[in-house]
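Notes to accompany the following structure.
Number of protein chains: 2
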Amino acid sequence: MKKIEVLEQLVEALKILPGVGPKSALRLTYFLLQRNRKGAKILSENISNALEQLIHCELCNNFSEEPECSICSSSKRDKNTICVVEMPTDFLMLEETHSYNGLYFILMGRLSPLDGIGPNDIHLSKLVKRIKDSNINEIILATNFTVEGNATAQYIKELFKDIDIETTRIARGLPIGGEIEYVDSGTLAQAIVERKKI
Amino acid sequence: MKKIEVLEQLVEALKILPGVGPKSALRLTYFLLQRNRKGAKILSENISNALEQLIHCELCNNFSEEPECSICSSSKRDKNTICVVEMPTDFLMLEETHSYNGLYFILMGRLSPLDGIGPNDIHLSKLVKRIKDSNINEIILATNFTVEGNATAQYIKELFKDIDIETTRIARGLPIGGEIEYVDSGTLAQAIVERKKI
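Just so you know, the protein sequences line up as chains A and B, in that order. First residue of the first sequence? That's 4 in our numbering, and the numbers climb one at a time after it. First residue of the second sequence? That's 4 in our numbering, and the numbers climb one at a time after it.
Written as structure tokens, this is what we have:
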């Protein structure tokens, strides 16, 4: 049987998505062509629009349609605090909590020597410059609590040890609604070590 | 925080994919924009190409770049047998077995009164016309062994009961390498009922 080239090409293109193998790429292809042609058209256009129109904010690295993103250029945000996160998704999660009103800096990654990701790859010189040029007096390190996230936080703390600036790390402990019976022992140990007076 | 419109639009567009909710749409969006911009561009173009260039074969309903697909127009296929399947993916699976050399007819669905899918929605008049216009002497019903797939097969069988044409159904039984201990009881019961002399 002769292969249908445009169809094969779409299957190949879908395989780039995380978690999509040959079988699901084929399923997705038929889904797009059969069940939701209108949605597929919009998807194609919106991928292309996003690629063309989104740039990185010059100050914080976040995706933005302008050279300076809406948070960096907002007059309502607290300009004395900056929160350092690994990825734009982390930033979004923090914004959703409505518990933070300062600035952000998005590393777009984490230190990971094994993957060849060093300080230059996570825009640290941009972070240093930004902090030196501003009135920031607290850096909140909100990288993940993984080996790499912790190492990244530690590295950034060292970077600023000689200047008069407070570096903090987001808290670890039991989640809201967490039951001691079901929490992992590492988290529980940390919760005991970091216990607070009430 | 002001929403980034092109980004939001891409998240929305990705939500049409089966199994993709708000969270994974966001993850996919950042994946496409950060990790694989080249792949994203190709994906966008290939969706659009497939939508524009693929049509349905006039004879068998399969996706094709020509009015008649490569199987329907091939001189090497057995023109006396037609295999009726629900979806193009089923057709592909059968082709991969290399055990069938006849023609196909793709219903693009199955009878499903609860979902409002009746005989007109699965192109049955096209199937009747095709069979009357040809030398086909066997219809292999290869719809799924689900309630709906079985009902569809039964319905098609009834359609042709007055003309001299053989209708067959693909076999049920234990899969190759199947172990009796682990097979479901319905399949096992069927395997006993349909036992063959050896």
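The beta carbon of each residue, even a glycine, is placed where N, CA and C say it ideally should be. Treat the numbers as computed from the prediction; the structure is a model and nothing was measured.
State the beta-bridge partners of residue i as determined by DSSP.
{"i": "residue 2 of chain A", "result": "No information on residue 2 of chain A is available, as it lies outside the stretch 4 to 201 that chain A covers here."}
{"i": "residue 115 of chain B", "result": "B:120"}
{"i": "residue 151 of chain A", "result": "According to DSSP, which records beta bridges pairwise, residue 151 of chain A is partnered with nothing at all."}
{"i": "residue 133 of chain B", "result": "Per DSSP, none; premise fails for residue 133 of chain B."}
{"i": "residue 170 of chain B", "result": "B:142"}
Since I believe residue j is in contact with residue i (beta carbons under 8 Å), could you give me their beta-carbon distance rounded to a whole number of angstroms?
{"i": "residue 169 of chain B", "j": "residue 138 of chain B", "result": "Not quite, the Cβ-Cβ distance comes to about 13 Å (not below 8 Å), so this is no contact."}
{"i": "residue 86 of chain A", "j": "residue 103 of chain A", "result": "6 Å"}
{"i": "residue 39 of chain B", "j": "residue 19 of chain A", "result": "5 Å"}
Please state whether the Cβ-Cβ distance between residue i and residue j is less than 8 Å.
{"i": "residue 10 of chain B", "j": "residue 32 of chain B", "result": "yes"}
{"i": "residue 68 of chain B", "j": "residue 54 of chain B", "result": "no"}
{"i": "residue 113 of chain A", "j": "residue 125 of chain A", "result": "yes"}
{"i": "residue 106 of chain A", "j": "residue 88 of chain A", "result": "no"}
{"i": "residue 115 of chain B", "j": "residue 161 of chain B", "result": "no"}
{"i": "residue 49 of chain A", "j": "residue 16 of chain B", "result": "yes"}
{"i": "residue 52 of chain B", "j": "residue 94 of chain B", "result": "no"}
{"i": "residue 157 of chain B", "j": "residue 175 of chain B", "result": "no"}
{"i": "residue 144 of chain A", "j": "residue 100 of chain A", "result": "no"}
{"i": "residue 30 of chain A", "j": "residue 92 of chain B", "result": "yes"}
{"i": "residue 21 of chain A", "j": "residue 34 of chain B", "result": "yes"}
{"i": "residue 163 of chain A", "j": "residue 142 of chain A", "result": "yes"}
Relative to the C-alpha of residue i, which residue among the options is closest?
{"i": "residue 195 of chain B", "options": "B:182, B:184, B:177 and B:181", "result": "B:177"}
{"i": "residue 129 of chain A", "options": "A:61, A:121, A:12 and A:6", "result": "A:61"}
{"i": "residue 82 of chain A", "options": "A:96, A:90 and A:63", "result": "A:63"}
{"i": "residue 90 of chain A", "options": "A:30, A:146 and A:25", "result": "A:146"}
{"i": "residue 167 of chain B", "options": "B:26, B:44 and B:135", "result": "B:135"}
{"i": "residue 155 of chain B", "options": "B:188, B:120, B:181 and B:186", "result": "B:120"}
{"i": "residue 42 of chain B", "options": "A:42, A:187 and A:13", "result": "A:13"}
{"i": "residue 165 of chain B", "options": "B:131, B:117 and B:70", "result": "B:131"}
{"i": "residue 7 of chain B", "options": "A:71, A:23 and A:44", "result": "A:71"}
{"i": "residue 173 of chain A", "options": "A:77, A:97 and A:44", "result": "A:97"}
{"i": "residue 37 of chain B", "options": "A:59, A:37 and A:188", "result": "A:59"}
Problem set entry | Within the region 5-87 of chain A, ranges of the alpha helix (DSSP H) (whole runs, at least 4 residues) | 8-17, 25-33 and 40-56
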